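S.K.: Take this structure first; my questions come after.
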Amino acid sequence: MIVYIVYDIESTKAGNRRRNKIVKKLETIGLYRIQKSVFVGNINKNEIDEMAVFCERLIKEALKNEERDALSDKIYIFPVSQENFENVRMIGEEFDKDMVSDKIKALII
Amino acid sequence: MLLFLVTFGSFLHVRDGLITVKIGEKGEEKRFSPKKIESIFITSGAAISTDVISLCYENNIDIVFLNKFGDPISRVWHSKLGSTTLIRKKQLEISTGETGTKYARYFINKKFENQLEWIEKLIKTRPNHKNILQNLQETIIKHKNSLNEVNGTIEEIRNTLLGIEGSVGREYFKTISQLLPESFQFEERSRNPAKDEFNAALNYHYGILYSLVEKACILAGIDPFIGIMHVDNYNKKSFVFDAIEMVRIYAEESTLYLFSNRKLGKKDFQKLQNGVLIEDNGKKTIIEHFTAFLDEPIRYRGRNIKRKHMPLFELRHLANEWLQNEREQFEKLEIEEV
Numbered sequence: 001m002i003v004y005i006v007y008d009i010e011s012t013k014a015g016n017r018r019r020n021k022i023v024k025k026l027e028t029i030g031l032y033r034i035q036k037s038v039f040v041g042n043i044n045k046n047e048i049d050e051m052a053v054f055c056e057r058l059i060k061e062a063l064k065n066e067e068r069d070a071l072s073d074k075i076y077i078f079p080v081s082q083e084n085f086e087n088v089r090m091i092g093e094e095f096d097k098d099m100v101s102d103k104i105k106a107l108i109i
Numbered sequence: 110m111l112l113f114l115v116t117f118g119s120f121l122h123v124r125d126g127l128i129t130v131k132i133g134e135k136g137e138e139k140r141f142s143p144k145k146i147e148s149i150f151i152t153s154g155a156a157i158s159t160d161v162i163s164l165c166y167e168n169n170i171d172i173v174f175l176n177k178f179g180d181p182i183s184r185v186w187h188s189k190l191g192s193t194t195l196i197r198k199k200q201l202e203i204s205t206g207e208t209g210t211k212y213a214r215y216f217i218n219k220k221f222e223n224q225l226e227w228i229e230k231l232i233k234t235r236p237n238h239k240n241i242l243q244n245l246q247e248t249i250i251k252h253k254n255s256l257n258e259v260n261g262t263i264e265e266i267r268n269t270l271l272g273i274e275g276s277v278g279r280e281y282f283k284t285i286s287q288l289l290p291e292s293f294q295f296e297e298r299s300r301n302p303a304k305d306e307f308n309a310a311l312n313y314h315y316g317i318l319y320s321l322v323e324k325a326c327i328l329a330g331i332d333p334f335i336g337i338m339h340v341d342n343y344n345k346k347s348f349v350f351d352a353i354e355m356v357r358i359y360a361e362e363s364t365l366y367l368f369s370n371r372k373l374g375k376k377d378f379q380k381l382q383n384g385v386l387i388e389d390n391g392k393k394t395i396i397e398h399f400t401a402f403l404d405e406p407i408r409y410r411g412r413n414i415k416r417k418h419m420p421l422f423e424l425r426h427l428a429n430e431w432l433q434n435e436r437e438q439f440e441k442l443e444i445e446e447v
């Protein structure tokens with residue numbers, strides 16, 4: 001399933017730390033960073049759940065530690081159908097559509 | 110995704126839980142999630158950190174080293190068996206007894222079936238070559254029938270089987286050669302080094318296939334070193350050479366396609382004194398086409414699976430059979446298919 005993940009995390013000291021953790025998680029799970037706060041990739045339902053649980057816990061823990069800015073953290077997950085993804089329009093610098101949708105079966109570098 | 114490292118001086122390491130490749134000595138860095146990579150193939154001088162090896166181990170990724178002909182020379186993978194040792198014990202029994210004969214026949218039979226199926230397709234698409242293709246069809250059917258008359262322990266009949274296989278092979282490649290554009294036609298099979306462009310490309314395909322089958326053997330719990338049929342043939346007791354017979358057709362189909370559709374040309378090869386090497390561009394063409402081809406779905410025992418998963422399915426099936434000891438059932442199956 002192709003998903004877009006979009007987030008807004010406060011730019012405080014604690015917020016930066018949370019953001020770094022989220023970015024690392026999204027990248028290891030197989031998502032590609034196409035903009036500063038936008039990730040996209042082809043992952044399965046379990047991986048989406050894993051990611052959602054990770055983010056939820058992170059915010060909960062932050063609130064427990066009196067990091068008040070975590071109240072305005074937001075992370076949205078948008079699933080897209082293959083068909084809609086094919087119709088994406090890119091203006092300016094483009095990202096590699098085949099790469100993020102796992103169409104590339106062999107990469108030679 | 111399969112990752113091929115071909116740039117000299119690349120460095121493979123781990124950063125933030127991602128497999129990171131520094132391309133060339135001063136090149137840029139590319140980062141990959143271990144979840145997205147199936148295998149890493151290293152074909153030229155590269156450095157690799159131990160962190161990558163343990164990350165690959167955790168994610169079931171195998172690191173394969175290829176030589177310049179595309180033959181896999183080494184593999185880094187976890188040191189587990191893949192399954193129970195009982196399969197290997199059974200395999201040892203089979204590799205010497207009468208049952209071995211049955212399996213050896215099964216592999217060759219499968220190979221002939223694949224060839225016949227492909228020739229059938231070729232006759233439709235190449236009416237000009239109908240005659241030679243039909244001749245080949247007859248030869249294969251004749252030898253396929255003679256397979257059933259071979260009886261005895263595997264030791265006794267190994268040479269007979271290899272003989273049958275060899276004589277079909279010669280005819281088969283002679284015919285394929287005639288299907289090629291004139292400048293690429295060849296005399297006979299050659300390897301290490303290949304003497305012509307077609308053989309060089311075909312060997313490279315086989316190399317990729319070989320590592321796929323070896324991985325499938327380990328995953329299915331079969332020992333890749335205990336061969337049933339190929340024992341004397343290659344200095345190495347190798348089951349992989351037995352099992353690869355069932356899928357060699359993929360490499361042959363892909364190679365013929367690349368040459369007859371002019372995807373590979375003279376510029377993709379380099380003539381040496383005693384053979385032919387593939388240029389980097391040619392290797393790229395082969396890898397890209399072949400991996401896409403292996404990713405296409407086929408019908409297999411009533412299911413839709415990708416070509417690349419066929420060896421694993423087939424070997425798991427074999428391993429299960431050895432475990433359950435359902436030999437009668439196998440016989441039944443064999444008669445149906447012969």
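These protein sequence lines map, in sequence, to chains V and P.
Counted the way our numbering counts, the first sequence spans residues 1 to 109.
Counted the way our numbering counts, the second sequence spans residues 110 to 447.
Even glycine gets a Cβ: it sits at the ideal position worked out from N, Cα and C.
None of these values were measured; they are calculated from a predicted model.
Using a cut-off of 7 Å between C-beta atoms, extract the partners of E388/P located in chain V.
M.R.: The contact set of E388/P on chain V, defined by CB atoms closer than 7 Å, is empty, because the minimum CB distance reaches about 13 Å.
S.K.: Give a yes or no on whether the C-beta atoms belonging to R416/P and Y366/P are separated by under 7 Å.
M.R.: No. Outside cutoff.
S.K.: Pick helix, strand or coil for P181/P, following the three-state DSSP scheme.
M.R.: Of the three classes helix, strand and coil, the one that applies to P181/P here is strand, per DSSP.
S.K.: Return the CA-CA distance between L245/P and E280/P, expressed in angstroms with no decimal places.
M.R.: 7 Å
S.K.: Could you give the DSSP three-state label for F117/P: helix, strand or coil?
M.R.: Of the three classes helix, strand and coil, the one that applies to F117/P here is coil, per DSSP.
S.K.: Buried or exposed for V173/P, please, with buried defined as at least 16 other CB atoms from any protein chain shown within 10 angstroms of its CB.
M.R.: buried
S.K.: Report the neighbours of A401/P on chain V: residues whose CB is nearer than 9 Å to its CB, in chain order.
M.R.: K105, A106
S.K.: If distances are taken between C-alpha atoms only, which option among E274/P, D180/P, T208/P, D332/P comes closest to L195/P?
M.R.: D332/P
S.K.: Between the C-alpha atoms of N223/P and G278/P, what's the straight-line distance to the nearest angstrom?
M.R.: 13 Å
S.K.: Does I331/P have its Cβ less than 7 Å from a Cβ in chain V?
M.R.: no
S.K.: Output the residue ranges of the beta strand (DSSP E) runs that lie fully inside the segment 281-334 of chain P and measure 3 residues or longer, sorted by chain position.
M.R.: none
S.K.: Any idea which residues DSSP pairs G41/V with across the strands?
M.R.: V3/V
S.K.: Between the Cα of D125/P and the Cα atoms of E137/P, F141/P, K135/P, which residue gives the shortest distance?
M.R.: F141/P
S.K.: Do you know how far the Cα of G179/P is from the Cα of G316/P?
M.R.: Near 5 Å, if we compare the C-alpha coordinates of G179/P and G316/P.
S.K.: Provide the residue(s) that pair with R124/P in DSSP beta bridges, ordered along the chain.
M.R.: L127/P
S.K.: Quick check on N380/P: does DSSP put it in helix, strand or coil?
M.R.: It should be pointed out that residue 380/P corresponds to Lys in this sequence rather than to Asn. If DSSP states are grouped into helix, strand and coil, K380/P belongs with the strands.
S.K.: Which residue comes first and which comes last in the beta strand (DSSP E) that contains A106/V?
M.R.: 106-108
S.K.: When you compare each of I337/P, E423/P, A401/P, T152/P to Y409/P by their alpha carbons, which one comes out closest?
M.R.: E423/P
S.K.: Go ahead and pull the three-state DSSP assignment for R235/P.
M.R.: coil
S.K.: Can you list, in chain order, the residues of the segment 184-213 of chain P whose Cβ is nearer than 7 Å to any Cβ on chain V?
M.R.: none
S.K.: Have a look at the DSSP bridge pairing and note the partners of Y166/P.
M.R.: Y166/P pairs with nothing; no bridge assigned.
S.K.: Is there contact between the segment 200-211 of chain P and the segment 239-258 of chain P, where contact requires at least three CB pairs shorter than 8 Å?
M.R.: no
S.K.: Checking contacts by CB at 7 Å: is T12/V closer than that to chain P?
M.R.: no
S.K.: Tell me, please, whether the CB atom of G126/P is closer than 7 Å to any CB atom in chain V?
M.R.: Yes, its Cβ sits closer than 7 Å to a Cβ of chain V.
S.K.: Quick check: is the beta carbon of K393/P nearer than 7 Å to any beta carbon in chain V?
M.R.: yes
S.K.: Could you tell me how far apart the beta carbons of G30/V and K144/P are, in whole angstroms, since I believe they sit closer than 8 Å?
M.R.: 4 Å
S.K.: Residues in the same chain with beta-carbon distance under 6 Å from T152/P, minus the five sequence neighbours each way, listed in chain order, please.
M.R.: V115, L175, listed in sequence order.
S.K.: Pull up the distance between the alpha-carbon of E265/P and that of C326/P, whole angstroms please.
M.R.: 26 Å
S.K.: If we count Cβ pairs, one from each stretch, closer than 8 Å, do we get three or more for the segment 147-165 of chain P versus the segment 118-132 of chain P?
M.R.: A contact exists between the segment 147-165 of chain P and the segment 118-132 of chain P.
S.K.: In the DSSP assignment, find the unbroken beta strand (DSSP E) run with S363/P in it and report its ends.
M.R.: From DSSP, S363/P is part of no beta strand (DSSP E) but of the alpha helix (DSSP H) over 357-369.
S.K.: Can a CB atom of chain V be found closer than 7 Å to the CB of I396/P?
M.R.: yes
S.K.: For L26/V and M51/V, which I take to be in contact (beta-carbon distance under 8 Å), what is that distance rounded to the nearest angstrom?
M.R.: Yes, they are in contact, since the Cβ atoms of L26/V and M51/V sit about 7 Å apart, within 8 Å.
S.K.: Just the Cα atoms here: how many angstroms apart are Q433/P and A309/P?
M.R.: 42 Å
S.K.: Between I108/V and I396/P, how many whole angstroms is the CB-CB distance? I'm expecting something under 8 Å.
M.R.: 6 Å
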